[in-house]
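K.L.:
Numbering (UniProt numbering), first residue to last: 1 to 107.
#1: So residue 72 and residue 7 are in contact, right, with Cβ under 8 angstroms, and what is the actual spacing, rounded?
#2: So what does residue 112 bridge to, in DSSP terms?
#3: Do residue 87 and residue 25 have their C-beta atoms within less than 7 angstroms of each other?
#4: Quick one: using the 10 Å Cβ neighbour count with 16 as the cut-off for buried, is residue 21 buried or exposed?
#5: Nearest by alpha-carbon distance to residue 99: which of 46, 28, 70 is it?
#6: Count the other CB atoms within 10 Å of the CB of residue 17; is the residue buried (16 or more) or exposed (fewer)?
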């Protein structure tokens with residue numbers, strides 16, 4: 001499945017718009033990860049535990065977006081974006097969203 005952040009795909013034409021599609025993931029670090037991250041935040045710099053968690057959450061959100069687009073009968077997603085939010089003080093929500101479309105074969 002082609003997933004792009006642009007409105008158009010060079011060499012293709014959108015022949016059908018299936019509608020909005022998204023994939024959402026909510027993640028929380030365990031107490032051990034929170035403690036290590038808390039200690040790292042005292043000295044500054046990148047907190048690898050949270051970076052890894054968010055990268056993994058983005059991949060899962062994108063996988064869910066693709067699965068949902070396939071269920072809608074799409075063969076591509078255009079205008080894909082990520083969004084994130086905090087839920088409470090221990091959880092992060094990652095959303096991948098875009099427009100599910102059917103593209104014609106390349107010209």
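All C-beta atoms in this analysis are idealised placements derived from N, C-alpha and C, irrespective of residue type, glycine included. Owing to the predicted nature of the structure, the values given are computational and were not obtained by experimental measurement.
P.N.:
Short version:
#1: To locate residue 72, count along the chain shown from 1; it is residue 72. To locate residue 7, count along the chain shown from 1; it is residue 7. Rounded, the Cβ-Cβ distance is 19 angstroms, inconsistent with contact.
#2: No information on residue 112 is available, as it lies outside the stretch 1 to 107 that the chain covers here.
#3: In the chain shown, the residue the question calls residue 87 occupies position 87. In the chain shown, the residue the question calls residue 25 occupies position 25. Going by C-beta atoms, residue 87 is not nearer than 7 angstroms to residue 25.
#4: The residue given as residue 21 occupies position 21 in the chain shown. The residue in question, residue 21, is buried, as its Cβ has 16 or more Cβ neighbours within 10 Å.
#5: In the chain shown, residue 99 corresponds to position 99, counting from 1. For residue 99, the nearest C-alpha among the options comes from 70.
#6: On the chain shown, residue 17 is found 17 positions in, with the first residue counted as 1. Classification of residue 17: exposed, given that the 10 Å Cβ count is below 16.
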